[in-house]
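Report on the following structure.
Chains as they are written, first to last, in the numbering used here: chain A, 4 to 117; chain B, 2 to 114.
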């Protein structure tokens, strides 16, 4: 079985500051890992995904995430926050070889202070 | 444009009524999924289908039913047996259920009156 823990249900940063959203996972087999973003009353949009090709994954809108097997982590970062980054962010995992749905964390609401 | 559509965007239901949520995709994806989203709970898998005429229960299937008669369509019925159906429902699809990204529709917000 796999699981995802997102540390911090709310994270607040100033515009222009570093964004760091934390995600730790557990999986008995090599995982596929995803970060999605959700704006109010909308579906989820893929930011980036890790599929074992490279440990540092670059996504859309300037986001990137680093897979660290030893720490079972897949934290999301962005060097400089923009007001438009305010949204809900979800980390998700699927065990490699599994064909069922994704297992999601509970989400982190990112607040950008002007 | 290719994508996933869900209808309606907002749905109101009286207690004791069944209601069906629509999900259509024109991405030619084999796999489709239904998730339920509650505030502070993330998304939880209700049902998924890897191929036409086949589907499996997810983590919270009780009180829900689905069908997959066509590749493009995966409707979800919320039955009167679902104890707390008020939630945001998201449909997703992927071309390869084992490795590929899941793409999401815009969601349907169901409210039970």
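Every residue, glycine too, gets a C-beta built ideally from N, C-alpha and C. Predicted model only: the values in this text are computed from it and were never measured.
C-beta neighbour in chain A for residue i, strict 8 Å
i: residue 75(B); result: no
i: residue 41(B); result: yes
i: residue 65(B); result: no
i: residue 12(B); result: no
i: residue 17(B); result: no
Residue i: first and last residue of the uninterrupted beta strand (DSSP E) it sits in
i: residue 56(A); result: Here residue 56(A) belongs to no beta strand (DSSP E), and DSSP marks it neither H nor E.
i: residue 110(B); result: 109-113
i: residue 81(A); result: 76-81
i: residue 21(A); result: It is not in any beta strand (DSSP E) - residue 21(A) carries neither H nor E in the DSSP assignment.
i: residue 5(B); result: 5-8
i: residue 34(A); result: 34-41
i: residue 71(A); result: 67-71
i: residue 6(A); result: 6-10
i: residue 93(B); result: 88-95
i: residue 80(B); result: Element bounds for residue 80(B): n/a, residue is neither H nor E.
Any chain B beta carbon closer than 8 Å to residue i
i: residue 12(A); result: yes
i: residue 24(A); result: no
The ligand NAD heavy atom lying under 7 Å from the CB of residue i
i: residue 28(B); result: No copy of the ligand NAD occurs in the structure displayed, which carries no ligand at all.
Residues near residue i by beta carbon distance below 7 Å, same chain, minus five either side
i: residue 18(A); result: 84, 85, 86, 115, 116 and 117
i: residue 91(B); result: 36, 38, 44, 105, 106 and 108
i: residue 49(A); result: 37 and 39
i: residue 52(B); result: 31
Other residues of its chain near residue i: CB distance less than 8 Å, five sequence neighbours each side excluded
i: residue 55(B); result: 69
i: residue 28(B); result: 3, 4, 5, 94, 96 and 104
Beta-carbon contacts of residue i that lie in its chain and below 6 Å, excluding the five residues immediately before and after
i: residue 52(A); result: 37
i: residue 47(A); result: 39 and 41
i: residue 110(A); result: 91 and 93
i: residue 97(A); result: 35 and 105
query = Quick one, which residues of the region 26-39 of chain B are near chain A if we go by CB-CB under 8 Å, in chain order?
reply = 32, 34 and 36
Using Cβ-Cβ distances below 9 Å, what residues of the region 36-67 of chain A are close to chain B?
37, 39, 41, 44, 45, 46, 47, 48, 49, 52 and 54
Point to revise | Members of the region 68-87 of chain A near chain B, C-beta cut-off 7 Å | key: none
In chain order, which beta strand (DSSP E) runs of at least 3 residues are fully inside the region 11-63 of chain B? 11-14, 20-26, 32-39, 43-52 and 55-58
- Going along the region 102-113 of chain A in order, which residues come within less than 7 Å of chain B, judged by CB to CB distance? 102, 103, 104, 105, 107, 108, 109 and 110
Note down, one range per segment and in chain order, each beta strand (DSSP E) of at least 3 residues found wholly within the region 90-115 of chain A. 90-98
Legend entry - Residues, ordered as in the chain, of the region 45-57 of chain B that lie near chain A by beta-carbon distance below 8 Å: 45, 46, 49, 51 and 57
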